[in-house]
Amino acid sequence: MAIEPFTMAITGKGGVGKTTFTAFLIKFLLNYAHKKTLVIDADPATNLADVLGISLLTTVGQIIDKTKQYAEKKSAMFNAGAFLEYQLWDEALLENSDFDFLAMGFTSGRGCYCLINEVLTYMLENLKSYFELVILDMDAGLEHISRNTKRSINLTFLVTDPSRMGFQTVRRIVELAHDLQSPIDQFVLIGNMFSNVQSQESLIKLAQDLRIEFLGTIPFDETIARMNLQGKPLLDIPQSSSTYQKIVQFLNPLIKKRRIL
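Using the numbering used here, you'd call the opening residue of the sequence shown number 3 and step up by one each time.
Next comes the structure, spelled out in structure tokens:
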């Protein structure tokens, strides 16, 4: 039986800095963990590739659409399942020297995200023997959690900015996960773009109310904002960056406690 990879997810309200934090988490793990890693952009907006400096050619959603189009045009002999599987491994999975990358994207037309979730579950099941770490950059998390697959998420980072909507999203995600008995081992809470003590105290209280671990806060960083605006990969930020070093300080004990390093 294959050993399950340690799976981490990053979620929260849109615009709070989830993808930026994901980039720093990946940088930290590349520097300290040295594990065979699969990074998955499970947010339909698919911004993670840009932040990591990856040229994204296609997404799982686009491949699903292409398979549907081919199935409509081809004869009854066309094996849509085999075609989809070949395209997923040949085009969607990007192999890099540091980590492999997969972008889920979205399908055209109306409908829920369930088909992409099913494909993601299938791919993770088939890839689990090849990787030691899986990192999922998710959207607000409610769709993924409500679909509640059997796959375990060992550690989920909840990211919020100092806004009421950000706090409410965190609360909804945790409560929904508990209601559905989702296979999430641990939640940890992170504040992004926090600048005053009062906001930090509110964040600590939120963590206490939800009975989850408060990890720390990240201040607004002009250098990071400029790199994002210029389209520069955040993996290139210097090791000496004060923001990166702060993230290292609160990630180090957590990651060591979970025996990932």
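Cβ coordinates follow ideal geometry from the N, Cα and C atoms, glycine included.
As the structure is a computational prediction, the values presented were derived from the model and not from experiment.
Legend entry - C-alpha gap between Phe80 and Thr171, whole angstroms: By one-based count along the sequence shown, residue 80 stands at place 78. By one-based count along the sequence shown, residue 171 stands at place 169. Cα to Cα, Phe80 sits roughly 44 Å from Thr171.
Legend entry - Pair within 9 Å by beta-carbon distance, Thr158 and Thr39: Locating residue 158 in the sequence shown gives position 156, counting from the first residue. Locating residue 39 in the sequence shown gives position 37, counting from the first residue. No; because the gap between Cβ atoms is not below 9 Å, this pair is not in contact.
Inset, instruction - Determine the closest residue to Trp91 out of Ser99, Met106 and Asp100, with distance taken between C-alpha atoms. - result: Within the sequence shown, residue 91 is the residue found at index 89, counting from 1. Out of Ser99, Met106 and Asp100, Met106 has the C-alpha closest to the C-alpha of Trp91.
Inset, instruction - Would you kindly report the start and end of the unbroken alpha helix (DSSP H) that includes Glu215? - result: The sequence position of residue 215 within the sequence shown is 213, counting from 1. Run containing Glu215: none in the alpha helix (DSSP H); it sits in the beta strand (DSSP E), Glu215 to Ile220.
Inset, instruction - Flag this pair as yes or no: are the beta carbons of Phe189 and Ile214 separated by less than 9 Å? - result: Here residue 189 is taken as the residue at index 187 of the sequence shown, counted from 1. Here residue 214 is taken as the residue at index 212 of the sequence shown, counted from 1. Their beta carbons are under 9 Å apart, which means Phe189 touches Ile214 by this criterion.
Inset, instruction - On a CA-only basis, which of Ala51, Leu191 and Asp181 is nearest Lys207? Give me that one, please. - result: Locating residue 207 in the sequence shown gives position 205, where the first residue counts as 1. Looking at the Cα atoms, Leu191 is the closest of the given residues.
Inset, instruction - Kindly confirm or deny that the stretch 116-129 and the stretch 25-38 touch, where touching means at least three C-beta pairs closer than 8 Å. - result: no
Inset, instruction - Reducing DSSP to helix, strand and coil, say where Val136 ends up. - result: Taking the first residue of the sequence shown as 1, we reach residue 136 at position 134. In this structure, Val136 counts as strand in the three-state DSSP scheme.
Legend entry - 9 Å Cβ cutoff met for Ala73 and Ala84: By 1-based counting over the sequence shown, the position of residue 73 is 71. By 1-based counting over the sequence shown, the position of residue 84 is 82. Cβ atoms of Ala73 and Ala84: not closer than 9 Å.
Inset, instruction - Starting from Ile226, follow the alpha helix (DSSP H) in both directions and report where the run begins and ends. - result: Here residue 226 is taken as the residue at index 224 of the sequence shown, counted from 1. Segment Glu224 to Gln232, the alpha helix (DSSP H) holding Ile226.
Inset, instruction - Measure the alpha-carbon distance for Ile257 versus Gly218 and round it to whole angstroms. - result: In the sequence shown, counting from the first residue as 1, residue 257 sits at position 255. In the sequence shown, counting from the first residue as 1, residue 218 sits at position 216. Near 14 Å, if we compare the C-alpha coordinates of Gly218 and Ile257.
Inset, instruction - Go ahead and label Ser184 buried or exposed: buried means 16 or more other beta carbons lie within 10 angstroms of its beta carbon, across all protein chains shown. - result: Position 182 of the sequence shown holds residue 184. So Ser184 ends up on the buried side.
Inset, instruction - Would you kindly check if the distance between the Cβ of Asp163 and the Cβ of Val47 is under 9 Å? - result: Mapped onto the sequence shown, residue 47 falls at position 45. Mapped onto the sequence shown, residue 163 falls at position 161. Note that residue 47 corresponds to Ala in the displayed sequence, not to Val. Going by C-beta atoms, Ala47 is not nearer than 9 Å to Asp163.
Inset, instruction - Measure the Cβ-Cβ separation of Ala35 and Ile262 and say whether it is below 9 Å. - result: Position 33 of the sequence shown, counting from 1, holds the residue named residue 35. Position 260 of the sequence shown, counting from 1, holds the residue named residue 262. Yes, these two residues count as a Cβ contact at 9 Å.
Inset, instruction - Grab the span of the beta strand (DSSP E) containing Ile239 for me, first residue to last. - result: For the purposes of this step, residue 239 is taken as the residue at position 237 of the sequence shown. Run containing Ile239: none; DSSP gives neither H nor E here.
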